[in-house]
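Peer 1: Here you go, one structure.
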Amino acid sequence: MGIAVLSGVIASLDSKVDPQYPPAAKWESHTPGTVTPVIPQTDESQPSRFIACVSREESAKRLRGIFFNLGGLGPSVDVLVAENVKAVQQSDVILLCCKPQLAQTILSEPGLKEALDGKLLISILAGVTIIQLTAMVNPGTKVIRAMPNTPCKIREGMTVVSTIPQSPSMDLDCKIILNIFSSIGRCRFLDEKHFDACTALSGSGPAFACIFLEAMADGGVMMGLPRAEALELAAQTLQGAARMTLQAGTHPAQLKDAVTSE
Ligand SMILES: NC(=O)C1=CN([C@@H]2O[C@H](COP(=O)(O)OP(=O)(O)OC[C@H]3O[C@@H](n4cnc5c(N)ncnc54)[C@H](OP(=O)(O)O)[C@@H]3O)[C@@H](O)[C@H]2O)C=CC1
Numbered sequence: 593m594g595i596a597v598l599s600g601v602i603a604s605l606d607s608k609v610d611p612q613y614p615p616a617a618k619w620e621s622h623t624p625g626t627v628t629p630v631i632p633q634t635d636e637s638q639p640s641r642f643i644a645c646v647s648r649e650e651s652a653k654r655l656r657g658i659f660f661n662l663g664g665l666g667p668s669v670d671v672l673v674a675e676n677v678k679a680v681q682q683s684d685v686i687l688l689c690c691k692p693q694l695a696q697t698i699l700s701e702p703g704l705k706e707a708l709d710g711k712l713l714i715s716i717l718a719g720v721t722i723i724q725l726t727a728m729v730n731p732g733t734k735v736i737r738a739m740p741n742t743p744c745k746i747r748e749g750m751t752v753v754s755t756i757p758q759s760p761s762m763d764l765d766c767k768i769i770l771n772i773f774s775s776i777g778r779c780r781f782l783d784e785k786h787f788d789a790c791t792a793l794s795g796s797g798p799a800f801a802c803i804f805l806e807a808m809a810d811g812g813v814m815m816g817l818p819r820a821e822a823l824e825l826a827a828q829t830l831q832g833a834a835r836m837t838l839q840a841g842t843h844p845a846q847l848k849d850a851v852t853s854e
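Here the working numbering is used: the first residue of the sequence shown is 593, the next is one more, and so on.
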């Protein structure tokens, strides 16, 4: 999931500075009700350097290949193996993307608490609460939770971010978070009490949608359509229906009625 987020952020930054990567037409900014902001390119909160941490050399090799193939800023991502403290020392914002059960082990590495002091720690871990995370770091570390989903990779993600606690750097933290997550899709702030529901709905939602998508395509194949076209028809139909709701503000029930008229 960390790769999806980072790939999306890099694609977004590349689209701003390099004509080879033209900005995707972001229909979402025209959607009624969206809070996704337009942020000036010169904003100091814009990420400029990236370090990815892994524990195994084979993962590092895979990540370097992925980032190299992204082009643009991709090859500039530093991939470090078992050097979390060094990476955190060199960073202002840390995205924690390990499996939930590894948080304690990683955050208790010698020197990591000190390296995190005063910095923004954004955890995407499902089910690990802010209270639990706060207990694993020094009091000066600002802990935020985010729940993204895999379409972040193509900048069509949905990320929910926990409400930012009051602090002198609150406005900058908010800008940083929006810079990251609104560049890779939609971003909403919600109270942490909603996180389990968000994990089920949007965090895991792409898997549910794909079960339905595959079933629609299979239905098309059963009716005699070639597999590739059946999949394209099903995917574009789901995308179109979803966008009718987001862009045009049409209620799903209205959409359903509109295709079941006599
Ligand atoms: N999958 C999804 O759709 C979503 C997942 N999430 C959350 O994202 C998190 C990650 O999930 P997922 O991407 O599937 O997990 P992965 O196992 O694919 O990725 C975890 C990454 O953490 C690295 N890692 C593990 N241990 C260490 C360590 N000690 N030091 C540095 N890096 C380490 C791994 O590197 P290595 O392989 O080298 O150990 C790997 O790159 C989970 O907490 C999950 O709840 C949130 C939203 C959606």
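Every residue gets a Cβ at the ideal spot worked out from N, C-alpha and C, and that includes glycine.
Hey, would you say the C-beta of E748 is under 8 Å away from at least one heavy atom of ligand 2?
Peer 2: Ligand 2 is not part of the structure shown, which contains ligand 1 as its ligands.
Peer 1: I want to know whether the region 759-773 touches the region 735-751 - three or more CB-CB distances under 8 Å.
Peer 2: Because the criterion of three Cβ pairs below 8 Å is met, the region 759-773 and the region 735-751 touch.
Peer 1: Less than 8 Å between the CB of L708 and some heavy atom of ligand 1, yes or no?
Peer 2: Residue numbering aside, residue 708 sits at position 116 when the sequence shown is read from its first letter. No; taking the cut-off as 8 Å, the Cβ of L708 has no heavy atom of ligand 1 nearer than that.
Peer 1: Applying the criterion that 16 or more other CB atoms from any shown protein chain within 10 Å of the CB defines a buried residue, is V646 buried or exposed?
Peer 2: Stepping through the sequence shown from its first residue, residue 646 is reached at position 54. Buried, by the Cβ-count rule.
Peer 1: Under the assumption that N676 contacts E701 (Cβ atoms under 8 Å), give the Cβ distance between them as a whole number of angstroms.
Peer 2: Along the sequence shown, one-based indexing puts residue 676 at 84. Along the sequence shown, one-based indexing puts residue 701 at 109. Yes, they are in contact, since the Cβ atoms of N676 and E701 sit about 6 Å apart, within 8 Å.
Peer 1: In the DSSP assignment, find the beta strand (DSSP E) that holds T751 and state where it starts and stops.
Peer 2: For the purposes of this step, residue 751 is identified with residue 159 of the sequence shown, where counting begins at 1. First-last of the beta strand (DSSP E) with T751: G749 to S754.
Peer 1: Under the DSSP definition of a beta bridge, which residues are partnered with A826?
Peer 2: For the purposes of this step, residue 826 is taken as the residue at position 234 of the sequence shown. Answer is none; A826 lacks a bridge partner.
Peer 1: Residues in its own chain within less than 6 Å of V752 by CB, not counting five upstream and five downstream?
Peer 2: Along the sequence shown, read from residue 1 onward, the residue named residue 752 stands at position 160. M739, R780, L782 and C790.
Peer 1: In chain order, what residues of the same chain have a beta carbon less than 6 Å from the beta carbon of G719, not counting five sequence neighbours either side?
Peer 2: Residue numbering aside, residue 719 sits at position 127 when the sequence shown is read from its first letter. Correct list, in chain order: P692.
Peer 1: Going by DSSP in three states, R656 sits in which element: helix, strand or coil?
Peer 2: In the sequence shown, the residue the question calls residue 656 occupies position 64. Here R656 sits in helix by DSSP.
Peer 1: If the criterion is Cβ atoms closer than 9 Å, does the pair I602 and V685 meet it?
Peer 2: As a first step, residue 602 must be located in the sequence shown, where it is residue number 10. As a first step, residue 685 must be located in the sequence shown, where it is residue number 93. For I602 and V685, no; Cβs fall outside 9 Å.
Peer 1: For ligand 1, is there any heavy atom lying closer than 8 Å to the beta carbon of M728?
Peer 2: Your numbering for residue 728 matches position 136 in the sequence shown. Not so, every heavy atom of ligand 1 lies at least 8 Å from the Cβ.
Peer 1: Could you check if A801 belongs to the surroundings of ligand 1, using beta carbon to heavy atom distance under 8 Å?
Peer 2: In the sequence shown, residue 801 corresponds to position 209, counting from 1. Result no, Cβ not under 8 Å from ligand 1.
Peer 1: Pick out the complete beta strand (DSSP E) segments inside the region 677-705, 3 residues or longer, and give them in chain order.
Peer 2: Fully enclosed beta strand (DSSP E) runs of 3 or longer: 685-688.
Peer 1: F781 CB to nearest chain D CB: under 9 Å?
Peer 2: Absent from the structure is chain D; it holds one protein chain and no more.
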